[in-house]
Ligand SMILES: Cc1cc2nc3c(=O)[nH]c(=O)nc-3n(C[C@H](O)[C@H](O)[C@H](O)COP(=O)(O)O)c2cc1C
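In this note's numbering, the protein residues as written are 1 to 393.
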């Protein structure tokens with residue numbers, strides 16, 4: 001099954017393995033992709049992965065993330081820069097999908113250089129910025145940005161786009177009943193997403209592959225089911241199933257341990273230059289943090305993919321904890337999911353898919369140490385630190 005041909009909308013894939021969106025940290029301060037970004041994707045395109053999904057790119061500056069070096073597709077002038085990237089990928093025979101996002105309240109005004117917007121005025125407990133509640137004019141503007149960014153992506157030669165509707169970013173904030181308590185039309189959890197999808201289809205056409213990534217939530221399975229049922233009625237070409245939000249980021253990318261030293265040095269919220277404060281944080285705050293963390297288990301989102309599979313005939317992509325060909329083949333052959341996407345295994349071994357082709361039982365060397373994830377807050381480009389733990393550069 002892994003190496004069987006499949007389609008997402010009109011996009012043909014050589015196999016059922018997808019590179020899951022992975023933040024790169026390779027762009028300049030304006031979110032322009034330069035040589036390093038193009039080279040990185042050119043290299044990945046040689047690795048025989050069915051399709052590559054980029055890291056999240058912001059659709060407007062006020063929707064950018066706290067991570068330095070994030071890509072942005074917010075201006076028409078950026079089309080030629082992204083075209084360099086897609087040209088490189090296509091020359092190598094790869095397929096590339098751009099993930100687009102708006103952070104909503106999960107950012108800081110230092111990062112956006114302007115306001116922080118929220119579905120309500122309620123702060124994110126983790127990011128702690130005071131958001132301004134979105135009014136109808138600003139909502140209309142953001143919907144327009146999503147549509148325009150999608151058109152820029154199409155013009156730049158991307159093979160499709162993926163809406164980041166997961167991990168607590170703006171689309172997820174609207175979908176989450178714990179956050180969205182609005183009394184207006186957007187209090188209907190799916191209204192914002194419905195309008196974003198409609199605007200993209202209107203401006204970009206019906207044939208441009210449009211994927212969406214959403215998060216499951218252990219405590220709100222009913223809400224998850226409702227979101228899938230809603231997406232079943234929408235003109236989207238595939239649904240990727242992830243988990244959770246940046247409030248507890250380590251439940252999205254579950255690890256086998258907590259890299260406390262690195263968190264205390266680099267994390268956006270907890271970092272400190274002061275060794276005493278770092279020591280205190282590790283002693284006092286870290287145990288509280290640890291209690292909220294769900295331990296790694298193989299293929300950890302598959303149970304939610306199975307739920308989704310029952311509720312829609314749209315292609316399902318499952319991400320999270322796939323580490324061996326045997327696990328992937330099992331999930332695909334039982335039809336629990338149509339595609340499997342991989343993030344950390346491809347950071348650790350970009351040629352993982354080639355290795356699986358040679359030996360289906362091959363197991364990833366990824367140790368789920370999550371240093372790659374914590375280092376997204378640093379100014380260094382994303383990479384694997386396993387075997388070369390020079391994380392202080
Ligand atoms: C370093 C790093 C960067 C990530 N960047 C993104 C991103 O830009 N967009 C996104 O939707 N998910 C992002 N994720 C989450 C992954 O796509 C994926 O959902 C998660 O890591 C679980 O898959 P895995 O077990 O194969 O790593 C990132 C994860 C890591 C570790």
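Using N, Cα and C, we set each Cβ at its ideal position, and we do this for glycine too.
Keep in mind it's a predicted model, so treat the numbers as computed, not measured.
Inter-residue CB distance, residue i and residue j (contact presumed, cutoff 8 Å)
i: residue 211; j: residue 240; result: 6 Å
i: residue 25; j: residue 376; result: 7 Å
i: residue 361; j: residue 336; result: Between residue 336 and residue 361 the Cβ distance is about 19 Å, and since that is not below 8 Å, they are no contact.
i: residue 341; j: residue 319; result: 4 Å
i: residue 321; j: residue 298; result: 5 Å
i: residue 104; j: residue 170; result: 3 Å
i: residue 78; j: residue 159; result: That belief does not hold up - the Cβ atoms of residue 78 and residue 159 are roughly 18 Å apart, past 8 Å.
i: residue 63; j: residue 38; result: The Cβ separation is near 24 Å, so there is no contact.
i: residue 40; j: residue 67; result: At roughly 16 Å, the Cβ-Cβ gap does not stay under 8 Å, so residue 40 and residue 67 are not in contact.
i: residue 57; j: residue 162; result: Actually they are not in contact, since the Cβ atoms of residue 57 and residue 162 sit about 10 Å apart, beyond 8 Å.
i: residue 296; j: residue 254; result: 4 Å
Residue i beta carbon near ligand 1 (any heavy atom closer than 7 Å)
i: residue 394; result: There is no way to answer for residue 394, as the model of the chain reaches only from 1 to 393.
i: residue 124; result: no
i: residue 22; result: yes
i: residue 252; result: yes
i: residue 382; result: yes
i: residue 321; result: yes
i: residue 5; result: no
i: residue 318; result: no
i: residue 365; result: no
i: residue 55; result: yes
i: residue 257; result: no
i: residue 242; result: yes
Whole-angstrom distance between residue j and residue i, CA atom to CA atom
i: residue 164; j: residue 276; result: 38 Å
i: residue 80; j: residue 90; result: 15 Å
i: residue 383; j: residue 119; result: 33 Å
i: residue 28; j: residue 34; result: 8 Å
i: residue 219; j: residue 177; result: 12 Å
i: residue 234; j: residue 53; result: 21 Å
i: residue 181; j: residue 112; result: 25 Å
i: residue 128; j: residue 262; result: 21 Å
i: residue 6; j: residue 230; result: 24 Å
i: residue 251; j: residue 216; result: 11 Å
i: residue 313; j: residue 232; result: 7 Å
i: residue 149; j: residue 206; result: 16 Å
i: residue 174; j: residue 190; result: 7 Å
i: residue 379; j: residue 268; result: 11 Å
i: residue 271; j: residue 126; result: 13 Å
i: residue 203; j: residue 290; result: 45 Å
i: residue 327; j: residue 387; result: 24 Å
Beta-carbon proximity check, residue i vs residue j, cutoff 8 Å
i: residue 16; j: residue 2; result: yes
i: residue 293; j: residue 258; result: yes
i: residue 266; j: residue 374; result: yes
i: residue 350; j: residue 47; result: yes
i: residue 59; j: residue 136; result: no
i: residue 88; j: residue 121; result: no
i: residue 246; j: residue 99; result: no
i: residue 50; j: residue 75; result: no
i: residue 237; j: residue 97; result: no
i: residue 282; j: residue 264; result: yes
i: residue 225; j: residue 134; result: no
i: residue 345; j: residue 339; result: no
i: residue 82; j: residue 156; result: yes
Host alpha helix (DSSP H) of residue i (start-end)
i: residue 265; result: 260–266
i: residue 243; result: Where residue 243 is concerned, there is no enclosing alpha helix (DSSP H), although the beta strand (DSSP E) it sits in stretches over 238–243.
i: residue 211; result: From DSSP, residue 211 is part of no alpha helix (DSSP H) but of the beta strand (DSSP E) over 210–216.
i: residue 290; result: 286–291
i: residue 173; result: 170–175
i: residue 163; result: It is not in any alpha helix (DSSP H) - residue 163 instead sits in the beta strand (DSSP E) that spans 160–165.
i: residue 228; result: 221–232
i: residue 40; result: 35–45
i: residue 197; result: 191–204
i: residue 272; result: Per DSSP, residue 272 belongs to no alpha helix (DSSP H) and is neither H nor E.
Terminal residues of the beta strand (DSSP E) in which residue i lies
i: residue 7; result: 6–8
i: residue 56; result: 51–58
i: residue 134; result: Premise fails: residue 134 is in no beta strand (DSSP E) and is neither H nor E.
i: residue 12; result: 11–13
i: residue 19; result: 17–19
i: residue 82; result: Unbroken run through residue 82 is the alpha helix (DSSP H), 79–91; no beta strand (DSSP E).
i: residue 318; result: 316–319
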